[in-house]
Each structure stands twice: as C-alpha cells, then as structure tokens.
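Residue numbers (UniProt numbering): 1 to 613.
By construction, the Cβ of each residue, glycine as well, lies at the ideal position given by its N, Cα and C atoms.
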C-alpha cells in the first residue's frame, strides 16, 4: 500500500513538472516539406531516416502514391530539408509503402530499397508486391539495380495471391558472414494471409531467395513489421514479427539459415491485431523489451490492447517475456487504433519514453497520438495533452531523430488522408533542449570497417554516475513501415562524463571506451576491439606501461607493422617496420588510453592496451 501511494505521489509531482518542461511543436510548415497527395487507402506509407550523404545530419526518404516521384529530403543541417529525389536519380513512380536504407554491396555507402504493392489496382498489375533497389554511387547519386536477385518471382503474382499489402522490411546478418540479409513481410486479408520472403546476401552485390530454406513450413499470415535481434545471446540474430488477426511469431535462428517459431513457449504469441513495433530497455535492466501497437477494444468479452513484452532474460537467465501493458503502473495498453510507435528518451533523464500514433477513418472515433513519459523505469505517465503530441490525425509511422542536432529527439510522423489536409509527413520539434537546466545527452555512431559499415545489429551500452546504465539497439527496420537512424541517442541527466561506452558488435567482438564527455556526437569504430582475431601473435612485451615517453616493444617474431588507435577507434599512428623490437616515442601523445595493434610476419595480430601518462 505504501509503495502504491508513493508511486501516485511521483505521478502527481512528475506530471506537473512535465506540463511546463516537455513540449513538442508542429514545425511541418517551416521545415521545407512539400505538400503532396497521400495514398487513398487506409494503410498509408512510411519513412526511413538515415545520414545517407554522411555529412553528419539526418535525412529521410518518404514513399508516395502511384504516378508521383518519391521524396528524398536532404537535411540542410538545421532541421530544414530540401527535396532531392529525382535530382539524385531516384525516379520510380510505383507506389512506395516502405523503404530501407542498407549498404547491400559493402562499399560503405547507403543504398535504398523501395517496396510497394498494387492494393486496389486491377489485374493489369500482375506482380502484386514489387521491389526496387537503388545503389548509391561515389558521386552521391543513385542508380537503379535490376539484377541483384531481390526478386519475388511468382510468390506475389496475382495467380497465387489475391491482393497482398506490404507488411514490413528489415535487414540483419542472419549467418554472421558480415553482410546484411533482407526479410520482407506481407499482409493478406483475414483468413487468407500471405508468405514472407528471406534474401541471403551473396557478398558479391547479389542476393539468393532462401525463403523455402529458412521457413519451409511457414503458414500464410497477415504479417506486419519484423525485427532482428539476438534475444537468446547465442551469436545469431532471431526475428520477432507482428501479426494481424493471428498469433505473433518469434523465429529462433538455428545457426544454419533456418528458423523455428518458439513464440508459444516464451509468451510472445499474442493473437490480437499487432501492427507497429518498438524495441527498448524501458527499465534499464540490461535486456530489450518489446512494444506492439494494436486496436484497443473489447471483442467477445476479450479486452484487446497494445502488447508490452517485458524481457526476463537478465532476471531468469532464459528467454521469456511477461505481458505487462495493462499493469497499474504502466497502463499503456489502451490508446485507440494505433500504428507506428517508438521508444525514445524525450527528456534526457536516462529512461526511454514511449510514443504511438494512430488513426482509422472508417467509423472509428478520433483518438489522440500518445506520449507516455517513463518514470524511473517503474511507471509511465500520459503527458500527451500537456506535451502537445496529441493530434487526432490518421497516421501510419512514427520515428524519433534529432533533426537539428540540438541534443533532444524530435518526432517524424507519416500521414494518411485527413480530409483536405494532405501532408505526407509531419515533424514535431522537441523543445526540451531550450528549457532551463535541460539534461545532457550523448550520441554514439558505431561504425565497422567493411561490409556492415553502419553496424546494424550492434548493441551500444553506457554506464555513468556510479552505476546508472542504458542500452540501445542499432536496427534497420522498425515502427511501422519505418526506419530510425543507425545511431544511439542517450539522455544522461546532468552528467558531463560518461564512465564507459561498451559496444557489442555483430561479429561478437567488443569495444570499450572510457571517460567520454557528454553533449556530443561521437563515432566509434571497431578497430580497437578487445576480442581480437583468433590468430594471436607470439608473445609481445610492451614496457613501461603506463608510459610517459618511450614505449619499448619486443617480440619473438618479426614485427611487420604497428598501428595505434585512440579510444574512439581513430587511427593516430601507423608505421611499417621489419624488426623484433621497436622504441616508440609517445611523448607527444595526449594522456589517456590507447590500443597498439601489432601484426607480425605471419599476419598474426596482437592488440595491447597502453596507458599514456
């Protein structure tokens, strides 16, 4: 009883603070966005956010209806956007429901996949789901690739299926070869359903359709958004999929390109109408929880609602979830006819908050978009009205990104038809950073050398303030027809120093960075991994360590090259030699920790951590 009264007191005090501190403003009209006709059906289209031109700010792509060119909005650096799709070579006018930024060919440039369908179009549109691949060139322009193997064949031909709709798309490295593979889901009418598709990256710029290998007995369902993550920590990416009408699916990766659905055994098989998906560690306990939007209603005596799966991995040491959406302290289950959703730290207090968008224009009463503020990982407080994120528009996707790099997360919402108001995209600016005594933040951009340059599948963890923690998952595909940028945004309260950043890379290596200043965007590469390649050099001695001036390196075999990295993974020194020893002058190096990577004559590698005084 005392605990309940204490939580009620928290709600009252915290909500009163939020009325004055947490505000969102609709800045659509001043962001440079064009007004174009939106899709006439009730599914709508989404958007995908990425820094596609690698200039440091976040851009986005938005799909359009038949006959219209799509929209690629380049960020001018201050949250004002310029549309450049056709000028950049993206000329498709086929309906685009969903899109995905992904480096499919390993050249460290983001390419773009467009995914559309023929819903409502007559039989002249034979292939009911269609896919387009645009490769980014070194000039920053895009060219369409037609022979990549990303082809559905007859799977969605009108002879085999009536009228499927795009369900979702996501990328992840399912076989740990360092290259990103693609899963695409589709929605079919009730009691009909459709199949999903899996494409394995061949590492040469082409894909192979392995659907029948990966899911040989898959039932035909109405699937929406898929998500890749290694939930059971066995080194292989699993797949969680929202499903309309019937049970959700959790496909465990068997490690050989095959998957088995274990959703029923881990309490991940809700059979409501799950649509949008968000992933985040809401209670900061070290495992990722899942939130799926729904249609809140009572049907045949059953209360249907949004699904909040609390991950019990840390507590139990085994895979399993508890559904907690309607628990008294959380109460995020009933909010209308919801679609897109996202976890994001709206007020930089170190806990991810939760937002959802909604809308169904067929006789469903208007309901508000929702923003629930996370109270110390214990409860959620509905601040939709007081924060200004409470529109009643019919919308599709919802994503968080810092569009103006001012240190707080803004919201992007993709829209459906709303009478005569045909804004395809709405942007809500978070005004938190301009408030008095705003909390600090940190943005981490993990980047890998080679094919998975944008580090999709990486888990970024931080610790600060004597034991406070946070973690983020780098994904390609989330929300509903959506994609958030490949970076980790953390609120860190009033802390100016982050004690440790731990990056768990998709190849199961780890990078640790210590004593990082907050209020910045940093890029960390995988050059200075702690778990280096299995080939280890013959013993190398480095002394003195810590070192003030001269570091002496001694090896039993010839040293061919030496490279030194700082804690951010940036190369600060490199030299080619051929000797068993070397005196390395570090007198001009700034104080701190460095990684010395040594490669011997047999191409064996050893990485030594050195402290410079």
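In this chain, the beta strand (DSSP E) harbouring residue 579 covers 571-585. Closest by C-alpha distance to residue 287, out of 252, 518, 459, is 459.
By the Cβ-count criterion, residue 453 is buried, with 16 or more other Cβ atoms from all chains shown falling within 10 Å of its own Cβ. At a Cβ-Cβ threshold of 8 Å, residue 223 and residue 198 do not count as neighbours. The bridge partners DSSP lists for residue 592 are 612. Counting C-beta pairs with one atom in each stretch, the region 332-341 and the region 265-283 have three or more that are closer than 8 Å, which means they touch. Judged by DSSP in its simplified three-state form, residue 73 adopts strand. In this structure the region 203-215 lies against the region 139-149, because at least three pairs of beta carbons, one per stretch, are closer than 8 Å. With 16 or more other Cβ atoms from the protein chains shown falling within 10 Å of its own Cβ, residue 403 counts as buried. Runs of the beta strand (DSSP E) lying entirely within the region 21-58, each at least 3 residues long, are 24-26, 47-50 in chain order.
Residue 382 sits in a strand when the DSSP states are folded into three classes.
One Cα belongs to residue 590, the other to residue 80, and the distance between them is close to 38 Å.
Put simply, the backbone Cα of residue 185 is about 33 Å away from that of residue 491.
Looking at 46, 41, 83, 235, the one whose alpha-carbon comes closest to that of residue 32 is 83. Three or more beta-carbon pairs separated by less than 8 Å link the region 107-127 to the region 162-182, which places the two stretches in contact. Beta bridge pairing from DSSP links residue 251 with 239, 261.
The C-beta distance from residue 398 to residue 413 rounds to 5 Å, short enough to meet the 8 Å contact threshold.
According to the DSSP secondary-structure assignment, residue 461 is paired through a beta bridge with 471, 502. In the three-state scheme derived from DSSP, where H, G and I count as helix and E and B as strand, residue 165 is classed as strand. Look at residue 332 here: in three-state DSSP terms it is coil, with no helix or strand label.
CA-to-CA, the gap between residue 486 and residue 568 works out to about 17 Å. Residue 232 is positioned such that its CB atom lies closer than 8 Å to that of residue 252. Counting along the chain, residue 316 sits inside the alpha helix (DSSP H) bounded by residues 313-316. According to the DSSP assignment, residue 212 belongs to no beta strand (DSSP E) but to the alpha helix (DSSP H) extending over 211-214. Linking residue 44 to residue 395 through their CA atoms gives a straight-line distance of about 7 Å.
Considering only 62, 117, 372, the residue with the shortest C-alpha distance to residue 100 is 62. By a beta-carbon distance limit of 8 Å, residue 25 does not contact residue 514. Their separation comes to about 38 Å. One thing to note: residue 145 has its Cβ no nearer than 8 Å to the Cβ of residue 483. Each of 518, 52, 131, 181 was checked against the Cα of residue 75, and the nearest Cα belongs to 52. Taking C-beta atoms under 8 Å as the contact rule, residue 371 and residue 489 fail to qualify, at a distance of about 16 Å. When secondary structure is reduced to three states using DSSP, residue 86 falls in the helix class.
Listed as beta-bridge partners of residue 355 by DSSP are 342, 371. Scanning its chain for C-beta atoms nearer than 6 Å, with the 5 sequence neighbours on each side dropped, one finds around residue 351 the residues 374, 377, in chain order. Take residue 575, set aside five residues on each side of it, and the residues of its chain with a beta-carbon closer than 6 Å to its own are 562, in chain order.
For residue 123, the three-state secondary structure derived from DSSP is coil. In this structure residue 295 is buried. Its beta-carbon is surrounded by 16 or more other beta-carbon atoms within 10 angstroms.
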